[in-house]
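Engineer: One structure follows; several queries about it will come next.
Residue numbers (this note's numbering): 366 to 410.
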């Protein structure tokens with residue numbers, strides 16, 4: 366089996382990393398998303 370580089374996927378990863386690098390450079394956290402917050406009231410209380 367030959368595994369080949371997916372150029373489109375690599376560009377997507379690179380773009381995401383470049384966006385995230387800003388937070389590292391400025392020592393600031395990225396904003397929270399819905400996936401970061403548990404909306405379950407039972408767990409929250």
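Quick reminder that beta carbons are idealized off the backbone N, C-alpha and C, glycines included.
Between residue 407 and residue 400, what straight-line distance do the alpha-carbon atoms span, to the nearest angstrom?
Structural biologist: The sequence position of residue 407 within the chain shown is 42, counting from 1. The sequence position of residue 400 within the chain shown is 35, counting from 1. Distance between the alpha carbons of residue 407 and residue 400: 17 Å.
Engineer: Would a C-beta distance cut-off of 8 Å place residue 394 and residue 385 closer than the cut-off?
Structural biologist: Along the chain shown, one-based indexing puts residue 394 at 29. Along the chain shown, one-based indexing puts residue 385 at 20. No. Outside cutoff.
Engineer: Please list the terminal residues of the continuous alpha helix (DSSP H) segment that includes residue 377.
Structural biologist: In the chain shown, counting from the first residue as 1, residue 377 sits at position 12. Counting along the chain, the alpha helix (DSSP H) containing residue 377 begins and ends at 372 to 390.
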